[in-house]
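Enquirer:
Residue numbers (this note's numbering), protein chains in the order written: chain A, 34 to 47; chain B, 970 to 1226.
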């Protein structure tokens, strides 16, 4: 089974 | 003062169609360069990034940078009042708390204007890192929409597997399993019908069908779609918008447990 990843770690808050 | 004129307002209708399933509200950042929008869906699984360059508009003026927080359901109500061939003008004063949409029929015999309240959105801007993707797939946007629709009958996830031979989309569930393979097209009459793959190394990633299906609401904007993939980073699904720019969707992969 797999879980949905999130984007938070991928992008830097400017 | 901000003013943007668009002879065929159907483009903005299509853009709205392409974002309103993922986002309830969004900030349209207007500058001299054009209009940009960047927002994550509520669950922070996908991100929409829209870029409309000022030179794509028939007239464009933006004296001061302006961020317009817009409820997309309200904007949809207003855009439904426009005919596809109407000429659209969007106007806002500096620091305004409302924006005006004016629709003119081609023969200029009917002119409507709609004033919409802006909302305050505390949206953070995100830096999207430059990435060299392992695989870049270009294919007809209608074909991609069809594949996402067909596979979503079989499971909640789609596995996209790209090699230099081609790209395979797979789904499995209670009904059974489905696999759709696309090879690179050898030669096609029209460029927009081509499937092309640029591959540095093979990649296999799993994504939620629901989001991919939402992205395909942008199909009307472009005959081709580009999928960019690398291991463990978000998928990028890009639709070019004629002379204006693009809409890009980022989607976090599913993680195997």
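Every residue gets a Cβ at the ideal spot worked out from N, C-alpha and C, and that includes glycine.
Taking all protein chains shown into account, do 16 or more other C-beta atoms lie within 10 angstroms of the C-beta of residue 37 of chain A, making it buried, or fewer, making it exposed?
Expert: The residue you call residue 37 of chain A lines up with position 4 of the first chain. So residue 37 of chain A counts as buried.
Enquirer: Report back the beta-carbon spacing between residue 1039 of chain B and residue 1019 of chain B to the nearest angstrom; my notes put them in contact at under 8 angstroms.
Expert: Looking up residue 1039 of chain B in the second chain gives position 70. Looking up residue 1019 of chain B in the second chain gives position 50. Not quite, the Cβ-Cβ distance comes to about 12 angstroms (not below 8 angstroms), so this is no contact.
Enquirer: Tell me, to the nearest whole angstrom, how far the beta carbon of residue 1222 of chain B is from that of residue 1176 of chain B; I am working on the premise that it is less than 8 angstroms.
Expert: Locating residue 1222 of chain B in the second chain gives position 253, counting from the first residue. Locating residue 1176 of chain B in the second chain gives position 207, counting from the first residue. Indeed they touch by this definition, with Cβ atoms about 6 angstroms apart.
Enquirer: Which stretch, first to last residue, makes up the beta strand (DSSP E) that contains residue 1112 of chain B?
Expert: Sequence index remark: in the second chain, residue 1112 of chain B carries index 143 (1-based). Run containing residue 1112 of chain B: none in the beta strand (DSSP E); it sits in the alpha helix (DSSP H), 1110–1120.
Enquirer: From what residue to what residue does the alpha helix (DSSP H) around residue 1184 of chain B run?
Expert: Against the second chain, residue 1184 of chain B aligns to sequence position 215. 1178–1184 is the extent of the alpha helix (DSSP H) around residue 1184 of chain B.
Enquirer: Could you check where the alpha helix (DSSP H) with residue 1071 of chain B kicks off and where it finishes?
Expert: Taking the second chain and counting its residues from 1, one reaches residue 1071 of chain B at position 102. Not the alpha helix (DSSP H): residue 1071 of chain B falls in the beta strand (DSSP E), residues 1067–1073.
Enquirer: Give the straight-line distance between the Cα atoms of residue 1122 of chain B and residue 1030 of chain B, rounded to the nearest whole angstrom.
Expert: The count along the second chain starts at 1 and reaches residue 1122 of chain B at position 153. The count along the second chain starts at 1 and reaches residue 1030 of chain B at position 61. If I take the Cα positions, the gap works out to 47 angstroms.
Enquirer: Which two residues bound the contiguous alpha helix (DSSP H) that contains residue 1045 of chain B?
Expert: For the purposes of this step, residue 1045 of chain B is taken as the residue at position 76 of the second chain. Its alpha helix (DSSP H) spans residues 1041–1048.
Enquirer: So who's on the other strand from residue 1215 of chain B, going by DSSP bridges?
Expert: Counted from its first residue, the second chain places residue 1215 of chain B at position 246. Note: residue 1215 of chain B sits in a beta bridge opposite B:1020 and B:1209.
Enquirer: If you count every other CB in all the chains shown that lies within 10 Å of the CB of residue 1144 of chain B, and 16 or more means buried, which is it?
Expert: Numbered from 1 along the second chain, position 175 holds the residue referred to as residue 1144 of chain B. Classification for residue 1144 of chain B: exposed.
Enquirer: What are the residues of the segment 1200–1218 of chain B that lie near chain A, defined by any Cβ-Cβ distance shorter than 8 angstroms?
Expert: Within the segment 1200–1218 of chain B, the residues whose Cβ lies closer than 8 angstroms to some Cβ of chain A are 1202 and 1203, listed in chain order.
Enquirer: With 16 as the cutoff for other CB atoms within 10 Å, does residue 1012 of chain B come out buried or exposed?
Expert: Taking the second chain and counting its residues from 1, the one referred to as residue 1012 of chain B is at position 43. With fewer than 16 Cβ atoms within 10 Å of its Cβ, residue 1012 of chain B is classed as exposed.
Enquirer: Here's the rule: buried if 16 or more other CB atoms are within 10 angstroms of the residue's CB, otherwise exposed. What is residue 1217 of chain B?
Expert: Walking along the second chain from the start, residue 1217 of chain B turns up at place 248. The residue is buried, with at least 16 neighbouring Cβ atoms inside 10 Å.
Enquirer: Using the three-state DSSP reduction, which class does residue 988 of chain B fall into: helix, strand or coil?
Expert: Here the question's residue 988 of chain B lines up with position 19 in the second chain. If DSSP states are grouped into helix, strand and coil, residue 988 of chain B belongs with the helices.
Enquirer: Does chain A have any CB closer than 8 angstroms to the CB of residue 1186 of chain B?
Expert: The residue given as residue 1186 of chain B occupies position 217 in the second chain. So no, residue 1186 of chain B is outside the interface.
Enquirer: On the three-state DSSP scale, how would you describe residue 1189 of chain B?
Expert: Within the second chain, the letter at position 220 stands for residue 1189 of chain B. The answer is helix: DSSP assigns residue 1189 of chain B an H, G or I state.
Enquirer: Check for me: the beta strand (DSSP E) holding residue 974 of chain B runs from which residue to which?
Expert: Position 5 of the second chain, counted from the first residue, corresponds to residue 974 of chain B. Per DSSP, residue 974 of chain B belongs to the beta strand (DSSP E) from 971–975.
Enquirer: Which class does residue 1025 of chain B belong to by DSSP, given the choice of helix, strand or coil?
Expert: Mapped onto the second chain, residue 1025 of chain B falls at position 56. Reduced to three states, the DSSP call for residue 1025 of chain B is helix.
Enquirer: Following the continuous beta strand (DSSP E) through residue 1147 of chain B, name the residue where it begins and the one where it ends.
Expert: Residue mapping note: residue 1147 of chain B aligns to position 178 of the second chain, counting from 1. Here the beta strand (DSSP E) through residue 1147 of chain B covers 1146–1152.
Enquirer: Are residue 1126 of chain B and residue 1173 of chain B close, meaning C-beta to C-beta below 8 angstroms?
Expert: Here residue 1126 of chain B refers to the residue found at position 157 of the second chain. Here residue 1173 of chain B refers to the residue found at position 204 of the second chain. No, they are not a contact pair.
Enquirer: What whole-angstrom Cβ distance do residue 1148 of chain B and residue 1137 of chain B have, given they're in contact under 8 angstroms?
Expert: On the second chain, position 179 is the one that residue 1148 of chain B refers to. On the second chain, position 168 is the one that residue 1137 of chain B refers to. Residue 1148 of chain B to residue 1137 of chain B, Cβ: 6 angstroms. Contact.
Enquirer: Using 8 angstroms as the limit for Cβ to Cβ distance, is residue 1096 of chain B near chain A?
Expert: Mapped onto the second chain, residue 1096 of chain B falls at position 127. Residue 1096 of chain B counts as touching chain A.
Enquirer: How about the segment 1080–1096 of chain B and the segment 1180–1197 of chain B: do they share at least three Cβ pairs that are nearer than 8 angstroms?
Expert: No: fewer than three Cβ pairs fall under 8 angstroms.
Enquirer: Once the 5 residues before and after residue 1140 of chain B are set aside, which same chain residues still bring their CB inside 6 angstroms of it?
Expert: For the purposes of this step, residue 1140 of chain B is identified with residue 171 of the second chain, where counting begins at 1. Same-chain partners within the cutoff: 1120, 1123, 1124, 1127 and 1147.
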